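Protein chains: 2
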Amino acid sequence: MKQENRKDEIIHTATKLFKKKGYSAVTMRDIAKSMGIKAASLYNHINSKQEILTNIIISLAEEFTDEMNNILKSDLNSIDKLKEIISLHVKITSENTNGMASLNNDWMHLEEKLDYYLSLRHKYEEDFREIINEGISKKEISNSNSEIMLFSMLSTLRSLYLWTPNQKDINELANSLSDVLINGVKI
Amino acid sequence: MKQENRKDEIIHTATKLFKKKGYSAVTMRDIAKSMGIKAASLYNHINSKQEILTNIIISLAEEFTDEMNNILKSDLNSIDKLKEIISLHVKITSENTNGMASLNNDWMHLEEKLDYYLSLRHKYEEDFREIINEGISKKEISNSNSEIMLFSMLSTLRSLYLWTPNQKDINELANSLSDVLINGVKI
DNA sequence: GTCTATAAATCGATAGAC
DNA sequence: GTCTATCGATTTATAGAC
Numbered sequence: 001m002k003q004e005n006r007k008d009e010i011i012h013t014a015t016k017l018f019k020k021k022g023y024s025a026v027t028m029r030d031i032a033k034s035m036g037i038k039a040a041s042l043y044n045h046i047n048s049k050q051e052i053l054t055n056i057i058i059s060l061a062e063e064f065t066d067e068m069n070n071i072l073k074s075d076l077n078s079i080d081k082l083k084e085i086i087s088l089h090v091k092i093t094s095e096n097t098n099g100m101a102s103l104n105n106d107w108m109h110l111e112e113k114l115d116y117y118l119s120l121r122h123k124y125e126e127d128f129r130e131i132i133n134e135g136i137s138k139k140e141i142s143n144s145n146s147e148i149m150l151f152s153m154l155s156t157l158r159s160l161y162l163w164t165p166n167q168k169d170i171n172e173l174a175n176s177l178s179d180v181l182i183n184g185v186k187i
Numbered sequence: 001m002k003q004e005n006r007k008d009e010i011i012h013t014a015t016k017l018f019k020k021k022g023y024s025a026v027t028m029r030d031i032a033k034s035m036g037i038k039a040a041s042l043y044n045h046i047n048s049k050q051e052i053l054t055n056i057i058i059s060l061a062e063e064f065t066d067e068m069n070n071i072l073k074s075d076l077n078s079i080d081k082l083k084e085i086i087s088l089h090v091k092i093t094s095e096n097t098n099g100m101a102s103l104n105n106d107w108m109h110l111e112e113k114l115d116y117y118l119s120l121r122h123k124y125e126e127d128f129r130e131i132i133n134e135g136i137s138k139k140e141i142s143n144s145n146s147e148i149m150l151f152s153m154l155s156t157l158r159s160l161y162l163w164t165p166n167q168k169d170i171n172e173l174a175n176s177l178s179d180v181l182i183n184g185v186k187i
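Protein chains in written order, with this note's numbering: chain L, 1 to 187; chain C, 1 to 187.
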């Protein structure tokens, strides 16, 4: 475990609380109490509540962006690129389950960094869409509604934080999830 | 369009705002302003902010519960039961897109009705799980990880409110969605 | 049924002692 | 680096005039 300085400790504590109740319902007093100190003491390490949220969300969004770029650069076929995306979501979610809740549910409370976040998200979805459409034109992916395939997969991957907090083997999870998302449930 | 009394109008307005920012970030002044009146006037029609949230969430949860009971009672095979569940989510989401946001993201802010909501949700997931397991034992559904199939489908269905607000033909959406969820994306 | 006015509590954030 | 004390703004909700 990496050594946590006081600022990281605040962010880590806040992330846990944000998952339970959402950014708006968590007070600086809640965060402080959870750390055994007073709210005023938090301000020796962070400048504002908003700074905490920005830190949680932007670092995750940039991580997704970087990894998506690696997948795009690879010479995998479309199905294997999808499997890589699935593994990426499983990995990041397992490393920061609580943070994924803020990324999904509290991004609209970003202030200065809102537009930047939206641009990263838009680019990510565009890249995902391109992989699917490339797969369709190369006859690797079924030629049905590509938008529904995109948002169905994305919805499941974005919801991983809700039901995989105690997952042991993340490789097995990624494999099973790939099986279900790519082959469906029918025999 | 059914005639809306003042209380329904308040709930309708609040539901729209709750989707945008979440229950905790929306104030009674926001709701009133959006209706062109003052916050104090709201209290002539509703007793509290909490009552608005309870009304939104419990009515939706009970609708899902009732319809799931009908599906369970039917003599459809497992795949067709799954298709009925998919149609149910598409229908309810198209009728109350904004309310689905509260159902998904703000249920933890329920107070007196929280336990009741949790019991309905638990029962719904149990019924869904039973349909999948029955399909597996009858060789209608693939014998892979049933929990992953359950939560993958449920995640997609619960996220419908995010990307289907302007859907025209809900029958076609339900059919395409069934195709993707049941048959996957592979050719 | 809506208004103004305000109560009582709580919010994020700061000042200054230690 | 944490504390007490507090500011100023904002919250839900109520009282009472119209």
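Note that beta-carbon positions come from the ideal geometry of N, C-alpha and C, so glycine has one too. Small disclaimer: the values here were computed from a predicted structure and weren't measured.
Let me check one thing: in DSSP terms, what residues is residue i bridge-paired to?
i	result
residue 186/L	141/C
Name the chain C residues that come within less than 9 Å of residue i, Cβ to Cβ?
i	result
residue 140/L	186, 187
residue 183/L	142, 144, 183, 184, 185, 186
residue 22/L	22, 23, 24, 25, 105, 106, 108, 109
residue 159/L	151, 152, 154, 155, 156, 158, 159
Whose CA, out of the options, lies closest to the CA of residue i?
i	options	result
residue 90/C	186/C, 180/C, 175/C, 4/C	175/C
residue 186/C	156/L, 80/L, 98/L	80/L
residue 146/L	173/C, 154/C, 96/C	173/C
residue 33/C	165/C, 23/C, 17/C, 47/C	17/C
residue 44/L	10/L, 117/L, 134/L	10/L
residue 20/L	164/L, 102/L, 46/L	102/L
residue 52/L	106/L, 84/L, 73/L	106/L
residue 136/L	184/L, 92/L, 100/L, 149/L	149/L
residue 8/C	74/C, 31/C, 27/C	31/C
residue 133/L	77/L, 121/L, 73/L, 27/L	77/L
residue 142/L	73/L, 166/L, 183/L, 99/L	183/L
residue 153/L	180/L, 47/L, 12/L, 117/L	180/L
residue 46/C	108/C, 37/C, 6/C	6/C
residue 188/L	151/L, 163/L, 74/L	Past the boundaries of the shown model lies residue 188/L; chain L is included only from 1 to 187, so the question cannot be answered.
residue 62/L	129/L, 163/L, 118/L, 84/L	118/L
residue 93/C	13/C, 36/C, 168/C	168/C
residue 14/C	86/C, 97/C, 88/C	97/C
residue 71/L	36/L, 109/L, 131/L	131/L
residue 166/L	95/L, 109/L, 48/L, 85/L	95/L
residue 109/C	25/C, 144/C, 29/C	25/C
residue 177/C	12/C, 84/C, 120/C, 100/C	84/C
residue 140/C	23/C, 82/C, 29/C	82/C
Find the residues of chain L that neighbour residue i, judging by a C-beta separation of less than 7 Å, and give them in chain order.
i	result
residue 179/C	144
Closer than 8 Å to a non-hydrogen atom of the ligand NAD - does that hold for the CB of residue i?
i	result
residue 113/C	Among the components of this structure there are no ligands whatsoever, and the ligand NAD is therefore not found.
Could you work out which residues of chain L lie near residue i, taking near to mean beta carbons separated by less than 8 Å?
i	result
residue 149/C	180, 185
residue 79/C	186
Note down, in chain order, every chain C residue with its Cβ under 8 Å from the Cβ of residue i.
i	result
residue 152/L	156, 177, 180, 181
To test your reading of the DSSP string, which unbroken beta strand (DSSP E) runs of 3 or more residues are found completely within the stretch 142 to 171 of chain L? Whole beta strand (DSSP E) segments, 3+ residues: zero.
Inspect the CB distances between the stretch 156 to 174 of chain C and the stretch 55 to 68 of chain C and report whether three or more fall short of 8 Å. No, they do not touch.
Would you check if there are 3 or more beta carbon pairs closer than 8 Å linking the stretch 49 to 64 of chain C to the stretch 113 to 130 of chain C? Segment contact: the stretch 49 to 64 of chain C against the stretch 113 to 130 of chain C, three or more CB-CB distances shorter than 8 Å; contact assigned.
Continuous alpha helix (DSSP H) assignments of at least 4 residues falling wholly in the stretch 80 to 139 of chain L: Listed in chain order, the complete alpha helix (DSSP H) runs (minimum 4 residues) inside the stretch 80 to 139 of chain L are 97 to 105, 114 to 137.
If you scan the stretch 19 to 50 of chain L from start to end, which runs of the alpha helix (DSSP H) of 4 or more residues do you find wholly inside it? When DSSP assignments are scanned along the stretch 19 to 50 of chain L, the uninterrupted stretches of alpha helix (DSSP H) that are 4 or more residues long and fall wholly within it turn out to be 28 to 35, 39 to 42.
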